[in-house]
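Student: I have a structure I would like to understand better, so I am pasting it below and will then ask my questions one at a time.
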Amino acid sequence: YQIWLMFEGQQQVGHGVVQIILDEAHLLNITVKPENQGRGLGLTLLEHLMSIAYKAEARECFLEVRDSNRAAFRLYERYG
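Counting from 1197, one number per residue, gives the positions in the sequence shown under the numbering used here.
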């Protein structure tokens, strides 16, 4: 697992977790604190995790999202 923490100054505002297995990347978690949402930080974390997958030569990327997590759906739709 690779865990990436996102800070603004000394304050942690989010984190992301990715696992690379052979040629697959599994995005396990992307979290931004509620008071910091809506500022593009989730997209920044997603782009960073995807760059890790790309550098690891992952051919596929997997993730799961709860039906109720509309913010996550919007994030992934924006990313493409």
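Using N, Cα and C, we set each Cβ at its ideal position, and we do this for glycine too.
Below 8 Å CB to CB, which residues in the same chain sit around arginine 1274 once its five sequence neighbours on both sides are set aside?
Tutor: Leu1239
Student: With DSSP as the reference, identify every bridge partner of threonine 1227, one or two as the case may be.
Tutor: His1211
Student: Is glycine 1212 buried or exposed, if buried means 16 or more other CB atoms sit within 10 Å of its CB?
Tutor: Glycine 1212 is buried by the Cβ-count criterion.
Student: If you compare alpha carbons, which of Arg1235, Ser1247, Glu1231, Asn1232 is closest to tryptophan 1200?
Tutor: Ser1247
Student: Please report the distance separating the alpha-carbon of glutamate 1220 from that of glutamate 1204.
Tutor: 30 Å
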